[in-house]
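First up is the structure itself, then whatever we jot down about it.
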Amino acid sequence: MVRALIIKIAAGPDQAERANQGLTVAAAGTAMGAAVSLWLTGEAVWFAVSGRQPDLGLEHAQPAADLLEQVAASGTVTVCSQCATRRDLTEGDLVDGARIAGAAAFVAESLAPDAQALVY
Numbered sequence: 220m221v222r223a224l225i226i227k228i229a230a231g232p233d234q235a236e237r238a239n240q241g242l243t244v245a246a247a248g249t250a251m252g253a254a255v256s257l258w259l260t261g262e263a264v265w266f267a268v269s270g271r272q273p274d275l276g277l278e279h280a281q282p283a284a285d286l287l288e289q290v291a292a293s294g295t296v297t298v299c300s301q302c303a304t305r306r307d308l309t310e311g312d313l314v315d316g317a318r319i320a321g322a323a324a325f326v327a328e329s330l331a332p333d334a335q336a337l338v339y
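In this note's numbering, the protein residues as written are 220 to 339.
Written out as structure tokens, the structure reads:
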């Protein structure tokens with residue numbers, strides 16, 4: 220059985236290193252075969268908005284858009300519903316494969332057997 224890795228990133232471009240760490244761990248999880256579910260909240264939602272993905276500009280780090288694309292290719296990317304609403308975002312604004320869901324879905328994923336949740 221593949222273990223689920225749920226990663227929530229609440230750090231946006233103003234906290235570049237923390238945001239990049241969460242994205243890097245999510246991408247590493249997919250590379251290792253984990254069932255990765257990446258949740259973006261607060262200012263981190265911009266990482267999933269098509270055409271508005273911030274460049275963190277960190278030396279020795281993959282671009283955030285590349286990391287997110289890697290996660291979306293084999294995992295799931297979810298934007299917090301309240302956060303999306305506050306920013307007037309819909310699923311049509313998001314990169315391919317990203318969805319919008321609420322806290323109940325996050326809790327359900329986190330409480331599943333063999334799930335590990337990490338928050339950045």
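All residues carry an ideal CB built from backbone N, CA and C; glycine is no exception.
With distances taken between CA atoms, A245 lies nearest to G294 out of S300, W265, A327, G294. Per DSSP, the unbroken alpha helix (DSSP H) holding S329 starts and ends at 322–329. The beta strand (DSSP E) runs lying completely inside the segment 255–327 and spanning 3 residues or more are 295–299, 317–320, given in chain order. Take the alpha-carbon of L287 and the one of A327: they are about 22 angstroms apart. With contact defined as three or more Cβ pairs closer than 8 angstroms, the segment 258–269 and the segment 305–317 are in contact.
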